[in-house]
Amino acid sequence: MSDISIIGTGNMARTIGARAIAGGNTVEVMGRDQSKAADLAEALGGGATTGEWGTAPAGDIVIVALLHDGVVPVVTRYGAALAGKVIVDISNPFNSTFDGLAHREETSIAQEVAKAAPAGAGVVKAFNTVFRHVLEKGRPDVFIAGDDAQAKARVEAFIESLGMRPLDVGGLKMAHWLEGAGLVTVGLANHGVGNLDFALGLTALPSE
1 MSDISIIGTG NMARTIGARA IAGGNTVEVM GRDQSKAADL AEALGGGATT GEWGTAPAGD
61 IVIVALLHDG VVPVVTRYGA ALAGKVIVDI SNPFNSTFDG LAHREETSIA QEVAKAAPAG
121 AGVVKAFNTV FRHVLEKGRP DVFIAGDDAQ AKARVEAFIE SLGMRPLDVG GLKMAHWLEG
181 AGLVTVGLAN HGVGNLDFAL GLTALPSE
C-alpha cells in the first residue's frame, strides 16, 4: 500500500481520500485552511492525518487536488519540500465555455508542474477523465501519463489498490491529450450520453 498526501480539501480530495483509505493506504490532508483540512481528515477516518500547509508532505505520493489555476503556484510554493515525491496532477484546465482548454499552447498543467517541481520529483497526470461520483462509486479505468517510469509504477500500484485499472498512455506530453479527453467526457455528458454516469475506458477484443 502507499502513503498518500492530498493537497486540497474539495470534493475530489474527499473522494480520492476515501477510496485510498478503503484500499488500505495511509492518507494525509493538507489545505490552506487548516480547520477544513482537519475536518476532512476526521471525516475520512481510517487514521487520516492533517499536515501543515507548505511543509514537506508525509506521503510518497502527493496528489494535488486543486483547480487547474492553483496547481502550479502551489507546487512552486512547496518547492524543495516535494523533492523525491511523486506529484499527481488531476486537474482539467477547461475554458469558460467547456469546449476548449484554458491554455492555448500544446502543453498541460502536468507539464507545467514538471517545470516548477524540484529535481528528483516525478510528475504523473491521472484521474482527470473520471467524474467524481464515478470515482466514488465505480471501478473505472484511470489513464495516466508521465516520463518517470518509477513514478508511474507507484501511481499504478496506488490506482490498483483502489480497485481500478491504470492504463499508461505514454510520456508526460500525452497529458495534453488527456486534458483533451477530459473535454470529450464533458461533451459526451452534455450530448451523446446525456448524464455523468460513465467514464472513458478500454474494451479489448476477445482473443481468437
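According to our numbering, the sequence shown holds residues 1 to 208 in order.
All residues carry an ideal CB built from backbone N, CA and C; glycine is no exception.
Go ahead and pull the three-state DSSP assignment for residue 117. In the sequence shown, counting from the first residue as 1, residue 117 sits at position 117. Residue 117 falls in the coil class under three-state DSSP.
Exposed or buried, residue 176, counting other C-beta atoms within 10 Å across all chains shown (16 or more means buried)? Here residue 176 refers to the residue found at position 176 of the sequence shown. Burial call: buried.
So, are the CB atoms of residue 146 and residue 123 less than 8 Å apart? Counting from one through the sequence shown, the residue named residue 146 turns up at place 146. Counting from one through the sequence shown, the residue named residue 123 turns up at place 123. The answer is yes: Cβ separation under 8 Å.
Along the beta strand (DSSP E) that carries residue 86, what are the first and last residues, could you check? Position 86 of the sequence shown, counted from the start, is the residue given in the question as residue 86. Where residue 86 is concerned, the enclosing beta strand (DSSP E) stretches over 86-89.
Environment of residue 98 [buried if 16+ CB atoms lie within 10 Å]: Looking up residue 98 in the sequence shown gives position 98. Exposed, since its Cβ has fewer than 16 Cβ neighbours within 10 Å.
Span of the beta strand (DSSP E), counted from its first residue to its last, around residue 28: Residue 28 sits at position 28 when you count from the first residue of the sequence shown. Residues 26-30.
DSSP-derived helix/strand/coil call for residue 122: Numbered from 1 along the sequence shown, position 122 holds the residue referred to as residue 122. Strand at residue 122.
Just checking: is the beta-carbon of residue 113 within a distance shorter than 8 Å of some beta-carbon in chain C? Annotation note: the requested chain C is absent from the structure, which comprises a single protein chain.
Does the distance from the C-beta atom of residue 67 to that of residue 133 stay below 8 Å? Numbered from 1 along the sequence shown, position 67 holds the residue referred to as residue 67. Numbered from 1 along the sequence shown, position 133 holds the residue referred to as residue 133. Cβ distance not < 8 Å, so residue 67 and residue 133 don't count as in contact.
May I ask you to report which of helix, strand or coil DSSP gives residue 172? To locate residue 172, count along the sequence shown from 1; it is residue 172. Residue 172: helix per DSSP, three-state reduction.
Tell me residue 143's beta-bridge partners as DSSP assigns them. Working through the sequence shown from its first residue, we reach residue 143 at position 143. Beta-bridge pairing links residue 143 to 167.
Under a three-way DSSP split, which group does residue 130 fall into? The residue you call residue 130 lines up with position 130 of the sequence shown. It is a strand residue.
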